[in-house]
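Undergrad:
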Amino acid sequence: MKDEMRADYPDQEMTDTLIRMLRSEEMADCFTRRPDREVRKEQEFSDGDGRLFRMDRLIMDRDKVTVVDYKTGKDRGAEKGYEAQLRNYMKILRGVYPERRVEGVIAYIDLGEVTRIT
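Here the numbering used here is used: the first residue of the sequence shown is 22, the next is one more, and so on.
Here you go:
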(Lines of atoms letter the chains of each structure in order from A and count residues from 1; the text may use other names and numbers.)
(Lines give C-alpha, C1' and ligand atoms only; values in the text may rest on other atoms or scores of the structure.)
Protein backbone atom coordinates (compact mmCIF):
# COMPACT_ATOMS: atom_id res chain seq x y z
CA MET A 1 0.00 0.00 0.00
CA LYS A 2 2.87 2.38 0.78
CA ASP A 3 4.21 2.29 -2.80
CA GLU A 4 0.73 2.91 -4.16
CA MET A 5 0.32 6.01 -2.00
CA ARG A 6 3.90 7.27 -2.30
CA ALA A 7 3.30 8.98 -5.65
CA ASP A 8 0.74 11.36 -4.14
CA TYR A 9 1.89 11.73 -0.52
CA PRO A 10 5.18 12.72 1.12
CA ASP A 11 6.25 10.23 3.83
CA GLN A 12 5.14 12.30 6.84
CA GLU A 13 1.79 13.14 5.29
CA MET A 14 1.28 9.47 4.46
CA THR A 15 2.14 8.47 8.03
CA ASP A 16 -0.21 11.10 9.47
CA THR A 17 -3.02 9.99 7.14
CA LEU A 18 -2.63 6.34 8.13
CA ILE A 19 -2.52 7.11 11.85
CA ARG A 20 -5.59 9.34 11.59
CA MET A 21 -7.48 6.58 9.76
CA LEU A 22 -6.47 3.86 12.20
CA ARG A 23 -7.53 6.01 15.16
CA SER A 24 -10.86 6.99 13.62
CA GLU A 25 -14.07 5.91 15.29
CA GLU A 26 -15.00 3.89 12.19
CA MET A 27 -11.81 1.81 12.33
CA ALA A 28 -11.09 1.72 16.08
CA ASP A 29 -12.96 -1.55 16.64
CA CYS A 30 -10.94 -3.25 13.90
CA PHE A 31 -7.73 -2.53 15.84
CA THR A 32 -8.91 -3.05 19.41
CA ARG A 33 -7.23 -5.97 21.17
CA ARG A 34 -9.48 -8.42 22.96
CA PRO A 35 -8.64 -11.64 24.80
CA ASP A 36 -10.99 -13.72 22.62
CA ARG A 37 -10.04 -12.03 19.31
CA GLU A 38 -7.81 -13.46 16.61
CA VAL A 39 -6.50 -11.25 13.81
CA ARG A 40 -5.00 -12.52 10.58
CA LYS A 41 -3.37 -10.40 7.88
CA GLU A 42 -3.33 -11.30 4.20
CA GLN A 43 -5.28 -14.46 4.92
CA GLU A 44 -5.93 -16.73 1.94
CA PHE A 45 -9.17 -18.62 1.35
CA SER A 46 -10.52 -20.45 -1.67
CA ASP A 47 -14.05 -20.46 -3.01
CA GLY A 48 -16.06 -23.50 -4.09
CA ASP A 49 -14.36 -23.45 -7.51
CA GLY A 50 -10.89 -23.51 -5.99
CA ARG A 51 -10.06 -19.88 -6.80
CA LEU A 52 -7.73 -18.34 -4.25
CA PHE A 53 -8.47 -14.98 -2.59
CA ARG A 54 -6.26 -13.01 -0.21
CA MET A 55 -8.10 -10.92 2.37
CA ASP A 56 -6.24 -7.90 3.78
CA ARG A 57 -7.36 -8.24 7.41
CA LEU A 58 -9.56 -10.85 9.06
CA ILE A 59 -10.84 -10.20 12.57
CA MET A 60 -12.33 -13.23 14.28
CA ASP A 61 -14.38 -12.68 17.41
CA ARG A 62 -16.38 -15.32 19.24
CA ASP A 63 -19.66 -14.45 17.48
CA LYS A 64 -18.49 -12.41 14.48
CA VAL A 65 -15.97 -12.38 11.64
CA THR A 66 -15.03 -9.07 10.03
CA VAL A 67 -13.08 -8.83 6.79
CA VAL A 68 -11.33 -5.52 6.05
CA ASP A 69 -10.23 -4.57 2.55
CA TYR A 70 -7.92 -1.55 2.22
CA LYS A 71 -8.21 0.76 -0.77
CA THR A 72 -6.64 4.06 -1.79
CA GLY A 73 -8.62 6.74 -3.54
CA LYS A 74 -12.28 6.42 -4.30
CA ASP A 75 -12.93 5.80 -7.95
CA ARG A 76 -16.73 5.88 -8.14
CA GLY A 77 -16.57 3.60 -11.18
CA ALA A 78 -14.65 0.96 -9.24
CA GLU A 79 -16.70 1.20 -6.04
CA LYS A 80 -19.29 -1.38 -7.10
CA GLY A 81 -16.47 -3.76 -7.99
CA TYR A 82 -14.91 -3.27 -4.55
CA GLU A 83 -18.25 -4.02 -2.91
CA ALA A 84 -18.70 -7.13 -5.08
CA GLN A 85 -15.20 -8.30 -4.12
CA LEU A 86 -15.97 -7.83 -0.43
CA ARG A 87 -19.36 -9.58 -0.73
CA ASN A 88 -17.57 -12.53 -2.33
CA TYR A 89 -15.12 -12.64 0.59
CA MET A 90 -18.07 -12.54 2.99
CA LYS A 91 -19.78 -15.42 1.16
CA ILE A 92 -16.61 -17.51 1.45
CA LEU A 93 -16.32 -16.70 5.16
CA ARG A 94 -19.98 -17.60 5.82
CA GLY A 95 -19.19 -21.04 4.42
CA VAL A 96 -16.13 -21.41 6.65
CA TYR A 97 -17.69 -19.88 9.80
CA PRO A 98 -21.44 -20.63 9.54
CA GLU A 99 -21.96 -20.12 13.27
CA ARG A 100 -20.70 -16.52 13.18
CA ARG A 101 -22.10 -13.28 11.80
CA VAL A 102 -19.95 -11.98 8.93
CA GLU A 103 -19.36 -8.30 8.22
CA GLY A 104 -17.21 -6.43 5.72
CA VAL A 105 -15.35 -3.13 5.79
CA ILE A 106 -13.84 -1.24 2.87
CA ALA A 107 -11.33 1.25 4.29
CA TYR A 108 -10.35 4.08 1.94
CA ILE A 109 -7.12 4.86 3.76
CA ASP A 110 -6.12 8.14 2.13
CA LEU A 111 -9.64 9.55 2.29
CA GLY A 112 -10.38 8.49 5.85
CA GLU A 113 -13.64 6.91 4.70
CA VAL A 114 -15.15 3.56 5.60
CA THR A 115 -17.93 1.60 3.93
CA ARG A 116 -19.49 -1.17 6.03
CA ILE A 117 -21.29 -4.09 4.43
CA THR A 118 -23.44 -6.59 6.30
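Glycine included, every Cβ here is placed at the ideal spot set by N, Cα and C.
Indicate whether the contact test is met: 3 or more Cβ pairs, each with one atom in the region 113–125 and one in the region 78–91, closer than 8 angstroms.
TA: Yes, the region 113–125 touches the region 78–91.
Undergrad: Consult DSSP for G116 and reduce its assignment to one of helix, strand or coil.
TA: For the purposes of this step, residue 116 is identified with residue 95 of the sequence shown, where counting begins at 1. In this structure, G116 counts as helix in the three-state DSSP scheme.
Undergrad: Just the Cα atoms here: how many angstroms apart are D35 and K85?
TA: Reading the sequence shown from its first residue, position 14 is the one you call residue 35. Reading the sequence shown from its first residue, position 64 is the one you call residue 85. At residue 35 the sequence reads Met, which differs from the Asp that was named. Cα-Cα distance, rounded: 31 angstroms.
Undergrad: Which one of D77, K101 and E134 has the shortest CA to CA distance from K62?
TA: On the sequence shown, position 41 is the one that residue 62 refers to. With distances taken between Cα atoms, K62 lies closest to D77.
Undergrad: Quick one: which unbroken alpha helix (DSSP H) runs of 4-plus residues sit fully inside the region 71–111? Chain order, please.
TA: Those alpha helix (DSSP H) runs which fall completely within the region 71–111 and span 4+ residues do not exist here.
Undergrad: Are the beta-carbon atoms of G94 and M111 separated by less than 8 angstroms?
TA: Start at 1 with the first residue of the sequence shown, and residue 94 comes out as number 73. Start at 1 with the first residue of the sequence shown, and residue 111 comes out as number 90. No.
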